[in-house]
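Engineer:
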Amino acid sequence: MNIIDEIGILAISTRLQRLSEQLRKDGALIYKSFDIDFEAKWFPVIYTLHIKEMLSVVEIANEIGYSHPSTISLLKELEKLKIISSKKDKQDERKRLIILTPKGKELVEKMQPVWHVMKKALNDITDNQNNLLKAIEEAEQKLAVQGFLQRISEIKS
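Taken in order, the sequence shown gives residues 1 to 157; the numbers are from UniProt numbering.
Dropping the structure here:
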């Protein structure tokens, strides 16, 4: 056990980041073991477009919960790789609609069996006495009602 493990709740952000890094690192190795050239950071966009088929940039940002600039940089990367493409919305010329390209759809086809086994393994990892996913959802809901900074302000006063 290291100092971060010992200090408990004060290091929650560090612990979640550490867990996330471990899952991302292993995820990359899993995709590689299935001979799929894929970066974990692309997952939310690709999966969302796989399910919703065609969305605007703003809709994608809302679906994945990322900021508009973060979403745009991800989309630019995926467009450069020809995994997604965009076209102007006929109703609103300012709006860009994003879709998976045939290459993107082919990638999804290759990844679906991998997602299936990953889901099983992740369920095994998170389904503990204190279900991690449920705990994260509860914490996110509390933060949506009142943020960390707001709570600190109340405690101070």
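Note that beta-carbon positions come from the ideal geometry of N, C-alpha and C, so glycine has one too.
1. Confirm, please, whether the CB-CB distance from Ser-86 to Arg-96 is below 8 angstroms.
2. With DSSP as the reference, label Arg-94 as helix, strand or coil.
3. DSSP beta-bridge partners for Met-54?
4. Under 8 angstroms by Cβ, that's how I've got Leu-74 and Val-45 pegged, so tell me the actual separation to the nearest angstrom.
5. Going straight from the alpha carbon of Pro-69 to that of Ile-9, what length do you get?
6. Check whether the Cβ atoms of Thr-101 and Lys-119 lie closer than 8 angstroms to each other.
7. Does the pairing of the region 111-125 with the region 20-37 give three or more beta-carbon distances under 8 angstroms?
8. If the criterion is Cβ atoms closer than 8 angstroms, does the pair Met-111 and Ile-36 meet it?
9. Look at Ile-60 and Ile-99 and say whether their C-beta atoms are less than 8 angstroms apart.
10. Can you tell me the Cα-Cα spacing of Asp-92 and Ser-56, whole angstroms?
11. For Thr-48, which residues in the same chain have their Cβ closer than 8 angstroms to its Cβ, ignoring the five residues on either side in sequence?
12. What are the complete alpha helix (DSSP H) segments, minimum 4 residues, inside the region 15-72?
Structural biologist: This is what the structure gives:
1. yes
2. coil
3. Ile-99
4. 5 angstroms
5. 31 angstroms
6. no
7. yes
8. yes
9. no
10. 11 angstroms
11. Leu-55, Ile-60, Glu-63, Ile-64
12. 43-52, 57-64
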